[in-house]
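Working notes, beginning with the structure itself.
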Amino acid sequence: MRASAFIDAVLAIAGKDLAIEWRTKTAFASSLVFAILVLSILFVARDASVVSALDAAPGALWVTFTFAAMVGMNRAFLLERENRALEGLLLTPVPPAGIFVGKVVANLAFVAAIELLAIPLFIVFYDVPLWQRLPELLAVMALATFAFVPVGTLLGAMVVRTRFAELMGPLLLLPFLVPPIIGAVQVTAGILSGRPLSAYTGWLSLLGLFDLVFVTVSILLFDAILDR
Amino acid sequence: MTERAIPQLARRGTVIAMLGLAGLAAVYVRALMFTPIERVQGPAQKIFYLHAPAAWSGLIAFLVTGLFSLLYLIMKDRRLDRLAAASAEVGLAFGVVMLTTGPIWGKPIWGTWWTWDARLTSTLFIFLLFVGYFVLRNAVTDPDTRAAYSSVIGVLALALVPFIHVSVYWFRTLHPTPVVLKPDEPSLPSVMLVTLLASFLVFTVLYVGFTMQRYALAALRDAELEDALDVSG
Chain A
1 MRASAFIDAV
11 LAIAGKDLAI
21 EWRTKTAFAS
31 SLVFAILVLS
41 ILFVARDASV
51 VSALDAAPGA
61 LWVTFTFAAM
71 VGMNRAFLLE
81 RENRALEGLL
91 LTPVPPAGIF
101 VGKVVANLAF
111 VAAIELLAIP
121 LFIVFYDVPL
131 WQRLPELLAV
141 MALATFAFVP
151 VGTLLGAMVV
161 RTRFAELMGP
171 LLLLPFLVPP
181 IIGAVQVTAG
191 ILSGRPLSAY
201 TGWLSLLGLF
211 DLVFVTVSIL
221 LFDAILDR
Chain B
229 MTERAIPQLA
239 RRGTVIAMLG
249 LAGLAAVYVR
259 ALMFTPIERV
269 QGPAQKIFYL
279 HAPAAWSGLI
289 AFLVTGLFSL
299 LYLIMKDRRL
309 DRLAAASAEV
319 GLAFGVVMLT
329 TGPIWGKPIW
339 GTWWTWDARL
349 TSTLFIFLLF
359 VGYFVLRNAV
369 TDPDTRAAYS
379 SVIGVLALAL
389 VPFIHVSVYW
399 FRTLHPTPVV
409 LKPDEPSLPS
419 VMLVTLLASF
429 LVFTVLYVGF
439 TMQRYALAAL
449 RDAELEDALD
459 VSG
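Residue numbers (the numbering used here), protein chains in the order written: chain A, 1 to 228; chain B, 229 to 461.
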């Protein structure tokens, strides 16, 4: 398949998923409310006289993003279970990698939207000096989201056929989120403390390398999980 | 596997495991009676002769699982998946040994059962990842799907381990710095080093024996399942 045709296919599949979601917005609204609730609960789940909001903030932000991403990514292959839609997709000339990348793009858009909407609330709830450093935070968020989503999409494709998908998805995914979460929290803490991003080139490189490796590996492995 | 091959493999595995257990008894004797007590940590340090080799066996087990998962995905021979799963189960067992001896060692030395320093955290997460491997395996009934899904997790885990390892060195850590596997000479006195290396050998033998037994059991189960399907089909 030519590259331009591949990209068209990817965008078509991503567009289809996002259009379906846009009609009801159920998963999106639920994920967003969930993120707000988690953010709020983490704010009150500390001894405020000992732990300042600024200290708790980076961890709270990334736990929130992690949970919201996991909840949001479940829907990707759940969609295709109805009327055996996945088999229909596989009958098209689109290669499986294209279907997978399309799903990843849809998930990226979904998760990114939740994260972007959660940021203003984060700034307000935790009263953190973030407005000037926002571009840097967005850069870290992009790197980490690219780490969460491909593996999460791949695992989602597998667990959707098991009975306890909502539990098994996070169970399998969380160990893979350990390196990106550690890195993201370190860099976010630095940003909130006023340190420049240049102090974190190591972590940022690690995140970037993680993204590269796992996007590639996930795309290659998707073929293996399809029934033939 | 042929009719005779499975019981033969099981027997050989049992012999090797028994040798390993005998070796383990010998290590216990040597560690407790013929190896000096460490100056700073006292007798508690001797758990090291079990803890580090258990971690080593766990690591081999998980690398074998990852490697054979990758080979399964390339060659689609179910025996490869069977070996990956057998190795993972043995690795889990050694992982439990490592995660229990660690805190037992840690309490008198560090004053705490557990710290969330990076190495403990990483090890725990890798352990939980392999628990997840089995949870997924048990949730899938079709053998080919199960093999495919397990192998995907195995390969993903293989890719993950180096990243976890790097995170360890960049995150604050309480874990003792490596005393044997580091660029300059090991800082352990030779009598302790011999005990430790003997223990590493014993744990490797145990790993091989247990994995052979576990593989044979899986092969037997698969053979019985196929026979049952032949009879009913």
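Beta carbons: idealized from backbone N, C-alpha and C, even for Gly.
Predicted model only: the values in this text are computed from it and were never measured.
Using three-state DSSP, classify residue i as helix, strand or coil.
i       : result
G98(A)  : helix
G339(B) : coil
A314(B) : helix
D305(B) : coil
R449(B) : helix
R163(A) : coil
F399(B) : coil
W131(A) : helix
T293(B) : helix
P417(B) : coil
R240(B) : helix
A45(A)  : coil
W344(B) : coil
K25(A)  : coil
V368(B) : coil
L226(A) : coil
R258(B) : helix
R442(B) : helix
M1(A)   : coil
K410(B) : Any reading at K410(B) is ruled out, since the residue's pLDDT is 42, under 50, leaving its predicted position unreliable.
R374(B) : helix
Have a look at the DSSP bridge pairing and note the partners of residue i.
i       : result
G270(B) : E266(B)
If you check the beta carbons only, do residue i and residue j fall under 9 Å apart?
i       : j       : result
L167(A) : L221(A) : no
A385(B) : P235(B) : no
L108(A) : T145(A) : yes
I354(B) : L172(A) : no
L434(B) : L249(B) : yes
L78(A)  : V160(A) : yes
Y126(A) : A53(A)  : yes
A69(A)  : I114(A) : yes
S218(A) : P170(A) : no
M1(A)   : P96(A)  : no
L143(A) : P180(A) : yes
T432(B) : S285(B) : yes
L260(B) : K274(B) : yes
V318(B) : R239(B) : no
F110(A) : S30(A)  : no
For this session: Quick one: which unbroken alpha helix (DSSP H) runs of 4-plus residues sit fully inside the region 48-125 of chain A? Chain order, please.
Result: 53-73, 75-78, 85-91
Exercise. Which runs of the beta strand (DSSP E) fall wholly inside the region 178-221 of chain A and span at least 3 residues, in chain order?
Worked result: none
Exercise. Given a limit of 8 Å on CB to CB distance, which residues of the region 361-372 of chain B reach chain A?
Worked result: V363, L364, A367, V368
For this session: Compile a chain-ordered list of the residues in the region 126-160 of chain A whose CB is closer than 9 Å to at least one CB of chain B.
Result: V151, L154, L155, M158, V159
For this session: Anything in the region 275-306 of chain B with a Cβ closer than 8 Å to a Cβ of chain A? List those residues in chain order, please.
Result: L301
For this session: Please name the residues in the region 322-355 of chain B whose beta-carbon is closer than 8 Å to at least one beta-carbon of chain A, in chain order.
Result: A346, T349, S350, F353, I354
Exercise. At a Cβ cut of 7 Å, what residues of the region 177-196 of chain A count as close to chain B, listed as they run along the chain?
Worked result: V178, P179, I182
For this session: Could you name the residues of the region 163-175 of chain A whose beta carbon sits closer than 8 Å to any beta carbon of chain B, in the order they occur along the chain?
Result: R163, F164, M168, L171, L172, L174, P175
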